[in-house]
Amino acid sequence: MQFSQVVAQEEIKEYFIHSDKQNRMPHAMLFLGATGYGTLAMANALAQYILCDHKTETDSCGQCNQCRKVDRFIHPDVHYTFPTIGSKMTSGDFLPQWRKFVSHGLYQDVQDWYRCLDGENKQGNITKDECDRILKVLSLKSYEGSHKIMIIWMAEFLGDQGNRLLKILEEPPENTVFILLAESQEAILNTILSRCQIIPFKPIEYPVLQEYLQDHAKLDKDSAMQMAFLARGNVQTALSLAQQNNDKVAGLWLDWLRLAYKGYGLEINPWVDQFAKLNRESQKAFMYYGLHFLREMLLFHLNPGHDIHLLEKEKLAMSKMSSLLTHQSIEGMILLIEENIFHIERNINSKILLLDSSIRMHYLLHNQEASLKALLSTS
Ligand SMILES: [Zn+2]
1410 MQFSQVVAQE EIKEYFIHSD KQNRMPHAML FLGATGYGTL AMANALAQYI
1460 LCDHKTETDS CGQCNQCRKV DRFIHPDVHY TFPTIGSKMT SGDFLPQWRK
1510 FVSHGLYQDV QDWYRCLDGE NKQGNITKDE CDRILKVLSL KSYEGSHKIM
1560 IIWMAEFLGD QGNRLLKILE EPPENTVFIL LAESQEAILN TILSRCQIIP
1610 FKPIEYPVLQ EYLQDHAKLD KDSAMQMAFL ARGNVQTALS LAQQNNDKVA
1660 GLWLDWLRLA YKGYGLEINP WVDQFAKLNR ESQKAFMYYG LHFLREMLLF
1710 HLNPGHDIHL LEKEKLAMSK MSSLLTHQSI EGMILLIEEN IFHIERNINS
1760 KILLLDSSIR MHYLLHNQEA SLKALLSTS
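Under this note's numbering, the residue at position 144 of the sequence shown is numbered 1553, and the numbers go up by one with no gaps.
Set out below in structure tokens:
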């Protein structure tokens, strides 16, 4: 991948180009941010740029032998480490699956990777054996490139095994570049953090994401705008949302609010059954839509002059609801939906989740946080 194919993050690209020209490329870096902001895409583009035989002023050439191999994830001097399933496994055991996974896009997250491994309910790991493999691979001479590049995706999965890499991070073999990628800094050992140049990735700006969706998902301008708002800077979320039918999602959301408000179990049950039949991406799209709706409602609540990013029909429903609700109730609903997204990503039973959420939503819609708290403390 070339820098030009990485969505946005222009400052980071400029930093690499400048560092390369000055001959001061850091030998150990930590790209910090969601995969959906482009950390893996940038790592691949940087590896290609470092190894390219004919780089231009601002990018790799994209044509030479080195570029083509990095782009296809088969360059013998670009090594990938990623979470695997099984205590004795190494990334080397999963290369065919990894190449298949990345061929579907470099903005996917670790849950997408587990799905690709048919291990959705399992917890991945970067094992002791994998750390040994890293040390071994880097002790060998490079095959054909000017550098050896080690990309560790989801470095938070290293855990304490990261201690095994401290020495090599401190004093890597000549012409070796470490690129660690992580979504959360807290899970990385301080001893590793202190040895890496930390490069934070920001969410993709909303107009850039809108344009990206128009080009790549062939959405019209209005739909692309709405999806870009919902995706909050994450390319993968935006692409998943674009695959859903937004009107359908909005209708389902308003139905749920109406049923939860009434609180009749007999009516909620068939709705929950219908929801449970949706695939996980659709369930997530529903929750993201709900989150967007509620955030817009909170802003409207605070300032009725706020420019609302909802379609006309939804805007009307939102303003009616807003007048009945307290600020605290709306915030409670936002928390509830955020929790639901967390659980759906971890494959919880969606029927149980939505039945429970419907009850909690019922109390919130009636501004009865106190009853809700009592309910929660006894459950
Ligand atoms: Zn090239």
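For each residue, glycine too, the CB sits at the ideal point set by N, CA and C.
Query	Result
With 16 other CB atoms within 10 Å as the buried threshold, where does Arg-1508 fall?	exposed
With C-beta atoms as the reference, is Ala-1564 less than 9 Å away from Ile-1601?	yes
By how many angstroms is the C-alpha of Lys-1537 removed from the C-alpha of Asn-1572?	10 Å
Within the present structure, is the beta-carbon of Ser-1413 separated from the nearest heavy atom of ligand 1 by less than 8 Å?	no
How big is the Cα-Cα spacing for Ser-1766 and His-1718?	25 Å
Going by CA-CA distance only, name the one from Val-1415, Asp-1521, Lys-1478 and Trp-1662 that's closest to Met-1742.	Trp-1662
Please state whether the Cβ-Cβ distance between Glu-1553 and Asp-1486 is less than 9 Å.	yes
Kindly indicate the opening and closing residues of the alpha helix (DSSP H) around Thr-1600.	1599-1602
Taking the Cβ atom as the reference point for each residue, do Ala-1454 and His-1484 lie within a distance shorter than 9 Å?	no
Would you decide whether Ile-1761 is buried or exposed? Buried here means 16 or more other CB atoms lie within 10 Å of its CB.	exposed
Does the beta carbon of His-1556 fall short of 8 Å from some heavy atom of ligand 1?	no
If we count Cβ pairs, one from each stretch, closer than 8 Å, do we get three or more for the region 1668-1681 versus the region 1702-1716?	no
First and last residue of the alpha helix (DSSP H) that includes Phe-1638?	1630-1640
Skipping 5 residues on each side, what residues in its chain have a beta carbon closer than 6 Å to that of Asp-1468?	Gln-1411, Phe-1412 and Ser-1413
Start and end of the beta strand (DSSP E) containing Met-1438?	1437-1441
Using the beta-carbon count (16 or more within 10 Å), is Thr-1493 buried or exposed?	buried
Would the beta-carbon of Glu-1754 fall within 9 Å of that of Gln-1520?	yes
Rounded to a whole number of angstroms, what is the C-alpha to C-alpha distance between Leu-1567 and His-1752?	23 Å
Taking 8 Å as the cut-off, does the region 1593-1611 touch the region 1627-1641 (at least 3 CB pairs, one atom from each stretch)?	no
Would you list, in sequence order, the uninterrupted alpha helix (DSSP H) runs of no fewer than 4 residues that lie entirely inside the region 1535-1584?	1537-1548 and 1575-1579
Which one of Ile-1757, Phe-1491, Gln-1431 and Gly-1442 has the shortest CA to CA distance from Trp-1522?	Phe-1491
Just to confirm before moving on: does the CB-CB distance between Phe-1695 and Glu-1723 stay below 9 Å?	no
May I ask you to report which of helix, strand or coil DSSP gives Ala-1591?	strand
Hey, out of Leu-1547, Lys-1497 and Asp-1631, whose CA is closest to Gly-1533's CA?	Lys-1497
With a cut-off of 8 Å on the beta carbons, I'd call Leu-1675 and Glu-1747 a contact; round off their distance for me.	No, Leu-1675 and Glu-1747 are not in contact; Cβ-Cβ is about 29 Å, not under 8 Å.
For His-1735, count neighbouring C-beta atoms within 10 Å of its own C-beta (all shown protein chains included) and say buried if the count is 16 or more, exposed if not.	The sequence given here has Thr at residue 1735, not His. Exposed.
So is Leu-1720 buried or exposed if we call it buried at 16+ other beta carbons inside 10 Å?	exposed
Along the chain, where does the alpha helix (DSSP H) that runs through Thr-1448 open and close?	1448-1460
Need the endpoints of the alpha helix (DSSP H) that His-1407 sits in, please.	The question about residue 1407 has no answer, for the chain in this structure spans 1410 to 1788.
Which value, in whole angstroms, describes the spacing of the CA atoms of Ser-1738 and Gln-1623?	36 Å
Using the beta-carbon count (16 or more within 10 Å), is Ser-1759 buried or exposed?	buried
Go through its chain and collect everything with a Cβ distance to Gln-1472's Cβ below 8 Å, but skip five positions before and after it.	His-1463
Determine, using beta carbons only, whether Cys-1605 and Pro-1713 come nearer to each other than 9 Å.	no
On the criterion of 16 or more Cβ atoms from any shown chain inside 10 Å, does Leu-1441 qualify as buried, or is it exposed?	buried
Report whether the distance from the Cβ of Cys-1470 to the nearest heavy atom of ligand 1 is below 8 Å.	yes
My understanding is that Ser-1500 touches Tyr-1516, with C-beta atoms under 8 Å, so please give their C-beta distance in whole angstroms.	With a Cβ gap of about 20 Å, Ser-1500 and Tyr-1516 do not count as contacting.
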